[in-house]
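Residue numbers (this note's numbering): -16 to 230. This report refers to the structure that appears directly beneath it.
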């Protein structure tokens, strides 16, 4: 607004190939400009088209965790590990230390800035993880992604004094939400199963046994990575807590 009159100005923008594709193929809605650091960011609402719902019976089990953010198991026996738990833990610890330093120095604005930056980084990580998980499902023609029930996932996750802070700050709910809406766009359904014993029960003998370190070894001779065991048992589970359909 100049002298009471509105005036249009041209602004240089940075747009990715994916964003250009969205702008050219989608109906755009409202837009708002927000300040992020030294940049101005345009946030634009658009209508996304959903793929047709898959009608096959292919299921993929996904176990969410801390040291290993996610593991998937598909009907053909294919396995995939996602993310870097150590890197995530380092990021959390780094920003937690900065937060303490600024709190001690009584700099509330700096604390808010640090909190926002940490959340942006972790949110971006969850976006990338969920996109990779759904892309795996699409590549294997999956119609249903199974996850553990969110209400109990924190209480059933393995805890230790070293990862207590990570346990309480890691956003399982946000990652699951991202998986849900990306799956919906791909025509894939998300179902929740009971998390009880998913990290302890042997899929061969049915024995319940605690894992030692990162490996699970059953008395029957079966052994596997502990987080992979969770994905396999989630895949096999028929104890449904709830589901969300894509249509």
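Every residue, glycine too, gets a C-beta built ideally from N, C-alpha and C.
Cβ neighbour criterion (16 or more within 10 Å) applied to residue i
| i | result |
| --- | --- |
| residue 156 | exposed |
| residue 13 | exposed |
| residue 23 | exposed |
| residue 137 | Legend: pLDDT at residue 137 = 46, less than 50; position of this residue unreliable, value from coordinates given subsequently. Answer is exposed; the Cβ neighbour count stays below 16. |
| residue 60 | exposed |
| residue 97 | buried |
| residue 178 | buried |
| residue 54 | buried |
| residue 216 | buried |
| residue 6 | exposed |
| residue 17 | exposed |
| residue 220 | buried |
| residue 118 | exposed |
| residue -2 | exposed |
| residue -8 | exposed |
| residue 187 | exposed |
| residue 71 | buried |
| residue 122 | exposed |
CB contact flag (residue i, residue j, <8 Å)
| i | j | result |
| --- | --- | --- |
| residue 68 | residue 57 | no |
| residue 132 | residue 180 | no |
| residue 202 | residue 190 | yes |
| residue 94 | residue 86 | yes |
| residue 171 | residue 128 | yes |
| residue 198 | residue 206 | yes |
| residue 40 | residue 126 | yes |
| residue 2 | residue 15 | no |
CB-CB length for residue i against residue j, believed under 8 Å
| i | j | result |
| --- | --- | --- |
| residue 214 | residue 45 | 6 Å |
| residue 158 | residue 113 | 6 Å |
| residue 116 | residue 65 | 6 Å |
| residue 234 | residue 107 | Given a span of -16 to 230 for the chain in the structure shown, any question on residue 234 remains unanswerable. |
| residue 11 | residue 29 | 5 Å |
| residue 104 | residue 74 | 6 Å |
| residue 166 | residue 182 | Rounded, the Cβ-Cβ distance is 23 Å, inconsistent with contact. |
| residue 173 | residue 130 | 6 Å |
Bridge-paired residues (DSSP) for residue i
| i | result |
| --- | --- |
| residue 129 | 44 and 174 |
| residue 233 | Shown here, the chain extends from -16 to 230; a query on residue 233 therefore has no answer. |
| residue 114 | Residue 114 is not bridged to any residue. |
| residue 211 | Per DSSP, none; premise fails for residue 211. |
| residue 109 | According to DSSP, which records beta bridges pairwise, residue 109 is partnered with nothing at all. |
| residue 187 | Its beta-bridge partners do not exist; DSSP assigns none. |
| residue 23 | 18 |
| residue 206 | 200 |
| residue 29 | 11 |
Ranges of the beta strand (DSSP E) found wholly within the region 45 to 90, counting only runs of at least 3: 53 to 56 and 62 to 65
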